[in-house]
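J.: Please read through the structure below; I'll follow up with questions.
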Amino acid sequence: MSKHPHDEWSQVLFRQFKDAGVDLFTYIPDAGNARLAELAEEDNETRLVLLTTEEEGVAMAAGADLVGKKSVLMMQSSGVGNCPNYLSFSKGGNFPCLMMVSMRGDYGEQNPWQYPMGQAVDKILEAMGVMVFRVDRRDELEAASQAAINAAFRNNQGAALILTQKFLGAKAF
Amino acid sequence: MTMIRSEVLKSLIPVISDQFVVCNIGLPSQELHLLDDQPTNFYMLGTMGLSSSIGLGLALAQKQTIIAIDGDGSVLTNLGTLPTIGNNVADNYILLIIDNGSYGSTGDQPTYAGKKTSLTKVAEACGCDNVIECKAEDTAQVMKDAIASKKMTVIVCKCESGNIPVPNITMDQVVIRDRFMKALEAANA
Numbered sequence: 204m205s206k207h208p209h210d211e212w213s214q215v216l217f218r219q220f221k222d223a224g225v226d227l228f229t230y231i232p233d234a235g236n237a238r239l240a241e242l243a244e245e246d247n248e249t250r251l252v253l254l255t256t257e258e259e260g261v262a263m264a265a266g267a268d269l270v271g272k273k274s275v276l277m278m279q280s281s282g283v284g285n286c287p288n289y290l291s292f293s294k295g296g297n298f299p300c301l302m303m304v305s306m307r308g309d310y311g312e313q314n315p316w317q318y319p320m321g322q323a324v325d326k327i328l329e330a331m332g333v334m335v336f337r338v339d340r341r342d343e344l345e346a347a348s349q350a351a352i353n354a355a356f357r358n359n360q361g362a363a364l365i366l367t368q369k370f371l372g373a374k375a376f
Numbered sequence: 226m227t228m229i230r231s232e233v234l235k236s237l238i239p240v241i242s243d244q245f246v247v248c249n250i251g252l253p254s255q256e257l258h259l260l261d262d263q264p265t266n267f268y269m270l271g272t273m274g275l276s277s278s279i280g281l282g283l284a285l286a287q288k289q290t291i292i293a294i295d296g297d298g299s300v301l302t303n304l305g306t307l308p309t310i311g312n313n314v315a316d317n318y319i320l321l322i323i324d325n326g327s328y329g330s331t332g333d334q335p336t337y338a339g340k341k342t343s344l345t346k347v348a349e350a351c352g353c354d355n356v357i358e359c360k361a362e363d364t365a366q367v368m369k370d371a372i373a374s375k376k377m378t379v380i381v382c383k384c385e386s387g388n389i390p391v392p393n394i395t396m397d398q399v400v401i402r403d404r405f406m407k408a409l410e411a412a413n414a
């Protein structure tokens, strides 16, 4: 296949997740998680599950945890708005929930409709007890993702790795 | 069957140009805006999954025919919309699901509707009465008949995935709302 624009860091992140023992990748497709999803599908030891709505993934993460499996839930920032009630389940039951959120509605966004949700992402996650680990620059990626992985799986915590549009590049539409 | 969504929309313009249309998030709205911008079009540029519900709310609240254009991925993300539509019959409501089996606006990743899930059967099982699955090239005629029938209809148009380059819609959300409201108010006067 042709080289994906997000190939380099997606490879790094996939390796980090895998080394941390993550073998279930659940997702709603977004440009920001497209390459990572491909890697999870291609790898024989990881399983990729397409969700129909983001909050399904919060529950699947808990289901996997009940048998000691680790997962990561990947979504666009819009999807964070679908999750709060389900995140109350993770928080109440001390379930880990590792999330990877690719942002819309922040740095350089061109679609005004995306701003209200984009600007509410951190506040919503924090309100639901999910720790936020932000990546604005490539050199922040490994440390932030490791911090999120540790928070999720060593502390049974909601932890969201936020890939900002400063890092991803703003979508042209 | 070689039509993509923008071609289906193009074929629909003569039929829906003077109709009230709520159009799904992202590229479908941008395509409709490019092909035939009308004050009677309510474009969505965010909040995936709400087109069918906005359309139902509109249809239940007044008498003009409302066409909600949705996508397979968007219906899948708000699947609860189908029982609500099926059980709250509004004969001035037409839901057109343009089912290209993919999440077009994020890069054409496949949806379950392009795999084992039939939205036609789901809609029927949810209690929707007039559910018509059609080929892309027949959509305009099916839409014309549905408008004439004055019966609530769900059309599932099977087409190919693929996108065309389209400009952004620069209109503010509040402007889109305002001009749509005025057009609808005038029609209902």
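Chains as they are written, first to last, in the working numbering: chain A, 204 to 376; chain B, 226 to 414. For every residue, glycine included, the Cβ atom is placed at its ideal position computed from N, Cα and C.
Check whether the stretch 226 to 237 of chain A touches the stretch 331 to 340 of chain B, counting contact only when three or more Cβ pairs, one atom from each stretch, lie closer than 8 Å.
T.: Judged by Cβ distances under 8 Å, the stretch 226 to 237 of chain A makes contact with the stretch 331 to 340 of chain B, as three or more pairs qualify.
J.: Can you check the stretch 282 to 325 of chain A for any beta strand (DSSP E) of at least 3 residues that lies completely inside it and give the ranges in chain order?
T.: Those beta strand (DSSP E) runs which fall completely within the stretch 282 to 325 of chain A and span 3+ residues are 300 to 305.
J.: From what residue to what residue does the beta strand (DSSP E) around A/Val186 run?
T.: Only positions 204 to 376 of chain A appear in this structure, which leaves residue 186 of chain A out of reach.
J.: If you draw a straight line from the C-alpha of A/Met277 to the C-alpha of A/Ala362, how long is it?
T.: The alpha-carbon atoms of A/Met277 and A/Ala362 are separated by roughly 12 Å.
J.: Within 10 Å of its beta-carbon, does A/Met204 have 16 or more other beta-carbons around it, so buried, or fewer, so exposed?
T.: Only weak support exists for where A/Met204 lies, its pLDDT of 47 falling under 50; the coordinates are left without a value.
J.: B/Ala373 lies in the alpha helix (DSSP H); which residues open and close that run?
T.: Here the alpha helix (DSSP H) through B/Ala373 covers 364 to 374.
J.: Between B/Cys353 and B/Leu252, what straight-line distance do the alpha-carbon atoms span, to the nearest angstrom?
T.: Looking at the two C-alpha atoms, the distance is approximately 27 Å.
J.: Output, in sequence order along the chain, the residues in the stretch 282 to 313 of chain A whose CB is closer than 9 Å to any CB in chain B.
T.: Residues passing the 9 Å Cβ filter: Gly282, Gly284, Asn285, Arg307, Gly308, Gln313.
J.: Beta strand (DSSP E) containing A/Arg250: first to last residue?
T.: Per DSSP, A/Arg250 belongs to the beta strand (DSSP E) from 250 to 253.
J.: Under 8 Å between the Cβ atoms of B/Asn317 and B/Lys288?
T.: In this structure, B/Lys288 lies closer than 8 Å to B/Asn317 by Cβ.
J.: Can you look up B/Asp324 in the DSSP assignment and give me helix, strand or coil?
T.: Residue state, collapsed to three classes: strand.
J.: Quick check: the Cα distance between A/Met263 and B/Asp243, rounded to an integer number of angstroms?
T.: A/Met263 and B/Asp243: Cα-Cα distance of roughly 45 Å.
J.: How many Å lie between B/Ala373 and B/Pro308 at the Cα?
T.: Near 24 Å, if we compare the C-alpha coordinates of B/Pro308 and B/Ala373.
J.: Anything in chain B within Cβ reach of A/Ala262, meaning under 8 Å, just list it in chain order.
T.: None at all; the shortest Cβ gap to chain B is about 16 Å.
J.: Drop a sphere of 10 angstroms on the beta-carbon of A/Ala237, count the other beta-carbons inside from all chains shown, and report buried for 16 or more, exposed for fewer.
T.: Result: buried.
J.: Reducing DSSP to helix, strand and coil, say where A/Pro232 ends up.
T.: Three-state DSSP puts A/Pro232 in coil, outside helix and strand.
J.: Classify B/Thr395: buried if its beta carbon has 16 or more other beta carbons within 10 angstroms, exposed otherwise.
T.: B/Thr395 should be labelled exposed.
J.: Can you find a CB in chain A that lies within less than 8 Å of the CB of B/Leu270?
T.: With 8 Å as the cut-off, B/Leu270 counts as an interface residue toward chain A.
J.: Using a beta-carbon distance cut-off of less than 8 Å, what residues from the stretch 249 to 274 of chain A approach chain B?
T.: From the stretch 249 to 274 of chain A, only Leu253, Thr255, Thr256 have a Cβ closer than 8 Å to chain B.
J.: With respect to the beta strand (DSSP E) encompassing B/Leu275, which residues constitute its N-terminal and C-terminal limits?
T.: That residue, B/Leu275, is in no beta strand (DSSP E); it is neither H nor E in DSSP.
J.: Strictly below 8 Å CB to CB, what residues from chain A border B/Asn249?
T.: Correct list: empty, because the minimum Cβ distance to chain A is about 13 Å.
J.: Give the straight-line distance between the Cα atoms of A/Glu211 and B/His258, rounded to the nearest whole angstrom.
T.: Their backbone Cα atoms lie some 36 Å apart in a straight line.
J.: Return the bridge partner residues of B/Pro335 from the DSSP annotation.
T.: Partner(s): B/Ser327.
J.: State the start and end residues of the unbroken beta strand (DSSP E) segment that holds B/Asn355.
T.: Here the beta strand (DSSP E) through B/Asn355 covers 355 to 360.
J.: With a threshold of 7 Å on Cβ separation, who are the neighbours of B/Asp235 within its own chain once the five nearest residues in sequence on each side are excluded?
T.: Inspection of the sequence shows that residue 235 of chain B is occupied by Lys rather than by Asp. Result list for B/Lys235: Leu260, in chain order.
J.: Taking the alpha carbon of B/Thr364 as the reference point, which residue from B/Leu283, B/Gly271, B/Gly305, B/Ile319 has its own alpha carbon closest?
T.: The residue with the shortest Cα to Cα distance from B/Thr364 is B/Ile319.
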